[in-house]
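For reference, the structure discussed in these notes is given below.
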Amino acid sequence: MQVLVLLLASVGTCLGLLVAAAAGTTPARPDPPSVLPIHRRQKRDWIWNQMHIDEEKNTSLPHYVGKIKSSVNRKNAKYVLKGESVGKVFRVREDTGDVYAFERLDREKIPEYHLTALVVDKNTNKNLESPSSFTIKVHDVNDNWPVFTHRLFNASVPEMSAVGTSVIRVTAVDADDPTVADHASVMYQILKGEEYFAIDGSGLIFTTTKTLDREMQAKYEIVVEARDAQGLRGESGTATVLVTLQDINDNFPIFTQPKYTFAVPEDIRVGSSLGSLFVEDPDEPQNRMTKYSIVQGEYRDTFTIETDPNHNEGIIKPMKPLDYEYIQQYIFTIEATDPTINLHYLSSVSIRKTARVIINVTDVDEPPNFKQSFYHFQLRENQKKPLIGSVLATDPDAARRSIGYSIRKTSDKGQFFRITKQGNIYNEKELDREIYPWYNLTVEAKELDSSGYPTGKESIVQVHIEIMDENDNPPEFAQPYEPRVCENAAQGKLVVQISAIDKDITPRDVKFKFSLTTEDSNFTLTDNHDNTANITVKYGQFDRERAKVHHLPVLISDNGRPSLTGTSTLVVTICKCNEHGEFTHCEEMAGQAGVSIQALVAIFLCILTITGPQDLTLGNSGQSPNPNMTALQNCAVCLCAPRCCHISGNPCRAPALSLPWVICASPTFSQIWNIPLETCPEEVASLNRRGQDRRETLQLTLGHGLRFHSRQGPSHFRRL
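As numbered in mature numbering (1 follows the signal peptide of the UniProt record, and there is no 0), residues -16 to -1, 1 to 704 make up the sequence shown, in order.
Here's what the structure looks like:
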């Protein structure tokens, strides 16, 4: 090898000399005298090539690598190497330039080394030639065996997979140089598990059978070998692959027992659980989707079976109430299926997909049962203690105990009704449809023992009593009328058109008839035969000096059976008018009343609103009139304070407000007086401001919507 290197170096030197001779020699440009020595020299080249060495040489150390040589030929010259590996791995002979390796080299660790060669003066260590870099390449020797990237691989594959299904690809790496022959080639084979799996040249493991059943064996262990067939020692590496079979839904659910027996009370709540059915399914929980159903029997509408998604068990629930007295035992067949099962991979057919269910109903002491869910009766108003209707409840149990009835007091606070032991309902008082058209009673039925005491079992039922209408209310004005007419009104002048209402149920064909009780007035009533009537001026020309207000009693009759007639009084005010017929002055309007108002005590409500905290002034003069004034003797209707009604001579017996005076009205309500009671200790209940003048406003509301108010003290009312 050394001879070959020297030969190549000599050839290179000769070729260089020939080229230089042919081209001529260009003299070097002289350096300035102050910088360069007086000697002139020619640049020389290194005489050496790239070096190579085999790895892991089994000869004794050191190993010869090659020679570096320069054209410098001086006795005081020496060769020097520089680089990271110099001194420890590589050394050079100073005199010859021979390079040696003092360690065995491993290409897999360092494939090549980069060094620098120098020729220096032995004495001064100055460079005699420019440094030159070179490379020592380490030749690969097939000295490594394949090594797997992992010692343990984990893989999974669905059970019952087809032959050839890929499982996992494993990889082994050979550290040798892949560019050198087959130094890095790897061969795979399965050492364990070859009856179910195989591996190809790329390391891909695949199935060789389609009968991998997770329920039979869930995990498989495969041992894989990777071998370098070209290796010097024939070494190999191994790895383990753990294969887990993924579950698929390929098994039917199987009942754990052929028969299920349950005992349940007859009063079990509809929709509640009465028992559970259990099955075995070898599939994993996510693939257990058992559906339970009743196969045969007439009880599909009586029971249902729901699946508990957490435990895959069947929950039997009643869909309707059970009755021991009707059916004591239910027997039927049930089936368990899985609608999501993959029939293509079905591993086996279940022999216990059905089971028998026996449900025994036990007797429970039940409350009474009413024959109807509710009762509806009708009763004519104004009837005296008639039989309204009857309710009936029975004991559903075999004991057939007697039943006691009662009306819940909260549903009949007025105690209008009573019920007998037989369940007959009577009314105790006459009922008025116009007050309450309906009564809703709660009737209780209690089970009684042999001594007549309640056993604690009871039921209730709603009884609706509808009060039927009777024609017991006469017609009356539909609204309060306030007619006014000019003093000089002409004959035939329309004063007002009136209509009527009836508190009774008014049929569509109701007919009201109108007439005046007297014919000697200056008014005429014309019945329009459409439930209205016109009041017109009969003769014309009124005399305000004689009467500023006229009272017309109007008779109104209905066509009910029997027909009823009522009287309502129409109060007509005579006013002064201008030439255009416009009212210029009318007397303060008084109230109007019918016979029915006075018969009902007339005054229903009195409201007092005070707008300023001032002393009340009574009477026209501002002085308190005598309590024994004659107006009190003429008082037909009055209100007074509750604590003042004991005063001697006070006719007031219908207290409504806490007022320190008596409010009186004449029979026709044309005048209203306020009789102060100086001995009354009560004060006005409320004081409120209303308006800017801080004057008081009194408002009086009478029956049938009659209203009066005063802004001039309680002695001076005006009809609204």
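We put the CB at the ideal spot given by N, CA and C, even for glycine.
Status (buried if at least 16 other CB within 10 Å, exposed otherwise) for residue i
i      : result
Val469 : buried
Pro130 : buried
Tyr389 : buried
Pro269 : exposed
Asp265 : buried
Met452 : exposed
Phe86  : exposed
Thr245 : exposed
Asn411 : buried
Thr317 : exposed
Ser117 : exposed
Thr553 : buried
Val341 : buried
Ile311 : exposed
Met35  : buried
Lys430 : buried
Asp292 : exposed
In DSSP terms, what residue i is bridged to
i      : result
Ser117 : Thr100
Met452 : Arg364
Ser145 : Ser145 pairs with nothing; no bridge assigned.
Lys243 : Arg340
Thr224 : Leu136, Val207
Phe461 : Ala484
Thr557 : Arg468, Val533
Val56  : In the DSSP output, where bridge partners are listed per residue, Val56 has none listed.
Leu258 : Bridge partners of Leu258: none, in fact.
His123 : Asp38
Asp158 : BP columns for Asp158 are empty, so no partner.
Contacting residues, own chain, Cβ-Cβ under 7 angstroms from residue i (five flanking each side not counted)
i      : result
Ile252 : Leu258, Pro302, Leu306
Tyr204 : Gly177, Tyr180, Val227
Val157 : Pro130, Val131, Thr133
Ser395 : Asn424, Leu425, Thr426
Lys487 : Glu418, Asn457
Pro380 : Glu309, Glu350, Asn353
Leu102 : Val64, Lys66, Asn111, Pro115
Proximal residues to residue i (C-beta, below 8 angstroms), its chain only, five neighbours per side dropped
i           : result
Arg153      : Ser186, Gly187, Leu188, Ile189
residue 705 : The structure shown does not extend to residue 705, since the chain is modelled only from -16 to 704, so the question has no answer here.
Arg392      : Leu425, Thr426, Val427, Glu428, Ile444
Thr346      : Ala247, Val248, Pro249, Glu250, Tyr308
Phe507      : Val479, Leu500, Ile519, Thr520, Val521, Lys522, His534, Leu536, Val556
Thr222      : Phe132, Leu175, Val207, Val208, Glu209, Ala210
Expected contact under 8 angstroms - CB spacing of residue i and residue j to nearest Å
i      : j      : result
Glu471 : Val533 : About 12 angstroms; that fails the 8 angstroms criterion.
Asp79  : Lys62  : 7 angstroms
Val254 : Ala320 : Actually they are not in contact, since the Cβ atoms of Val254 and Ala320 sit about 24 angstroms apart, beyond 8 angstroms.
Ala159 : Glu92  : 4 angstroms
Asn515 : Ser483 : 6 angstroms
Glu113 : Val56  : 5 angstroms
Val151 : Thr191 : 7 angstroms
Val76  : Leu89  : Val76 to Leu89, Cβ: 16 angstroms. No contact.
Best match in the options for proximity to residue i [C-alpha to C-alpha]
i      : options                       : result
Lys243 : Asp38, Asp285, Val207, Thr338 : Thr338
Gly50  : Thr240, Glu250, Thr119        : Thr119
Asn271 : Pro249, Asp285, Asn294        : Asn294
Gly71  : Tyr84, Asn60, Leu196          : Tyr84
Leu539 : Arg88, Phe496, Lys487, Val207 : Phe496
Ile387 : Glu365, Glu418, Glu350        : Glu350
Gln399 : Leu415, Arg384, Ser140        : Leu415
Arg530 : Ile558, Asp504, Asp234        : Ile558
Phe209 : Leu175, Ala182, Asn233        : One point to set straight first is that residue 209 is Glu, not Phe, in the sequence displayed. Of Leu175, Ala182, Asn233, the residue nearest in Cα terms is Leu175.
Leu45  : Val73, Lys194, Ser54          : Val73
Cβ neighbours of residue i in the same chain (closer than 6 angstroms, five flanking residues each side left out)
i           : result
Ser374      : Gly407, Asn408
Ile289      : Tyr276, Gly298, Ile300
Gly211      : The question names Gly, yet the displayed sequence has Arg at residue 211. The answer, listed in chain order, is Met171, Ser220.
Pro467      : Val479, Val480, Val556
residue 732 : Here the chain comprises residues numbered -16 to 704, so residue 732 is not present and cannot be evaluated.
Leu600      : Confidence in Leu600 is poor, its pLDDT being 31 and thus under 50, which makes the residue's placement too unreliable to answer from.
residue 745 : Residue 745 lies beyond the residue range present for the chain, which begins at -16 and ends at 704; the question has no answer from this structure.
His98       : Thr119
Asn296      : Arg272, Thr274
Gln607      : Because the pLDDT at Gln607 is just 37, under 50, the model does not fix this residue reliably, and the value given afterwards should be weighed accordingly. So no residue of the chain qualifies.
His569      : Lys560
Ser140      : Thr228, Gln230
CB contact check: residue i to chain D, cutoff 8 angstroms
i      : result
Cys561 : Going by chain labels, chain D is absent from the structure shown, which holds only one protein chain.
Any non-hydrogen atom of the ligand NAP within 7 angstroms of residue i CB
i     : result
Leu89 : The ligand NAP is not part of the structure shown, which contains no ligands of any sort.
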